[in-house]
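Each remark here refers to the structure printed beneath this line.
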Amino acid sequence: MVPLLHLFLFFIPDRRHMSTTLIAIRHAKPLSEGFADERLRPLHKEGISTQEMIVQRLAEKGYMPEKIFSSPILRAVQTAAIIAKHFSLEVEEEEALGYNFNQSILLANLLQANQGKTLVFVGHAPHLAEFVNDLTGYPALMHGLSKSEAAILRFDQEIELGKAIFLDNLKL
Numbered sequence: 001m002v003p004l005l006h007l008f009l010f011f012i013p014d015r016r017h018m019s020t021t022l023i024a025i026r027h028a029k030p031l032s033e034g035f036a037d038e039r040l041r042p043l044h045k046e047g048i049s050t051q052e053m054i055v056q057r058l059a060e061k062g063y064m065p066e067k068i069f070s071s072p073i074l075r076a077v078q079t080a081a082i083i084a085k086h087f088s089l090e091v092e093e094e095e096a097l098g099y100n101f102n103q104s105i106l107l108a109n110l111l112q113a114n115q116g117k118t119l120v121f122v123g124h125a126p127h128l129a130e131f132v133n134d135l136t137g138y139p140a141l142m143h144g145l146s147k148s149e150a151a152i153l154r155f156d157q158e159i160e161l162g163k164a165i166f167l168d169n170l171k172l
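Numbering (the UniProt record's numbering), first residue to last: 1 to 172.
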């Protein structure tokens with residue numbers, strides 16, 4: 001007879017062996033003029049509308065984020081807030097997704113620390129698309145990410161550069 005504790009442990013999911021999904025999204029279209037500080041440009045109403053449609057398509061395809069990380073730049077934070085509102089989540093600002101993009105921090109502190117979850121990274125061109133290409137090990141996004149475009153990747157085992165599987169991309 002198997003001890004009860006062993007049966008109980010058998011049914012606890014081990015996230016280390018579950019797939020991890022990354023949804024990498026470039027911020028929506030911002031206003032183009034009138035801001036001395038580039039970091040403070042808010043979203044254009046067209047950008048808000050487009051991002052809402054992209055979020056709806058993510059949901060329709062069954063992607064259910066569990067955490068959202070955003071560049072601290074206003075247009076990215078506002079883009080992340082649209083996603084967060086739809087999925088009832090909070091936005092965590094992450095400097096490594098901003099102008100001082102840091103692939104090592106994103107890989108170790110965010111992706112590897114959240115194995116088995118579905119994460120959203122909201123960032124900027126060209127770094128976010130280059131990161132997606134590095135994660136897949138080939139130019140999955142040969143032409144980069146357009147504003148509001150989402151690239152969806154999955155890690156089935158190790159979360160390392162070159163190990164991601166490119167699943168889909170959503171854009172209007």
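The beta-carbon is built from N, C-alpha and C at its ideal position, and this holds for glycine as well.
Which first and last residues belong to the beta strand (DSSP E) in which residue i is found?
i, result
"S70", "K67 to S70"
"L167", "I165 to L170"
"A24", "T20 to R26"
"L153", "A150 to F155"
"F121", "T118 to G123"
"E33", "Here E33 belongs to no beta strand (DSSP E), and DSSP marks it neither H nor E."
Could you tell me the alpha carbon to alpha carbon distance between residue i and residue j, rounded to whole angstroms?
i, j, result
"E149", "L89", "20 Å"
"G47", "S32", "11 Å"
"G137", "L40", "34 Å"
"V77", "G116", "24 Å"
"D134", "E160", "9 Å"
"N102", "K45", "30 Å"
"L9", "A113", "Legend: pLDDT at L9 = 48, less than 50; position of this residue unreliable, no value from coordinates given."
"L172", "L43", "17 Å"
"P65", "D168", "15 Å"
"E60", "N100", "33 Å"
"M142", "P30", "23 Å"
Between which residues of its own chain and residue i is the CB-CB distance below 8 Å, once the five residues before and five after are set aside?
i, result
"Y63", "T21, I23, T118 and I152"
Mind reading off the beta-carbon distance from residue i to residue j? Whole number of angstroms is fine, and I expect it under 8 Å.
i, j, result
"R26", "G123", "7 Å"
"A84", "I73", "Contact doesn't hold; Cβ gap of about 16 Å is too wide."
"V132", "H86", "That pair is no contact at about 22 Å."
"L58", "L128", "Not a contact, Cβ separation roughly 16 Å."
Look at residue i and residue j and say whether their C-beta atoms are less than 8 Å apart.
i, j, result
"F166", "A140", "yes"
"I82", "E52", "yes"
"S70", "V91", "yes"
"S19", "D156", "yes"
"T79", "A28", "yes"
"L107", "E94", "no"
Along the chain, where does the alpha helix (DSSP H) containing residue i start, and where does it finish?
i, result
"residue 260", "The shown model of the chain, from 1 to 172, leaves out residue 260, and the question about it has no answer."
"F131", "H127 to T136"
"G47", "K45 to E60"
In its own chain, which residues sit with a C-beta less than 6 Å from the C-beta of residue i, not counting the 5 before and 5 after it?
i, result
"G144", "A125, P126 and A129"
"A164", "L135, T136, L153 and F155"
Kindly list the residues whose CB is nearer than 7 Å to the CB of residue i, restricted to its own chain and excluding five residues on each side of it in sequence; keep chain order.
i, result
"I105", "A96"
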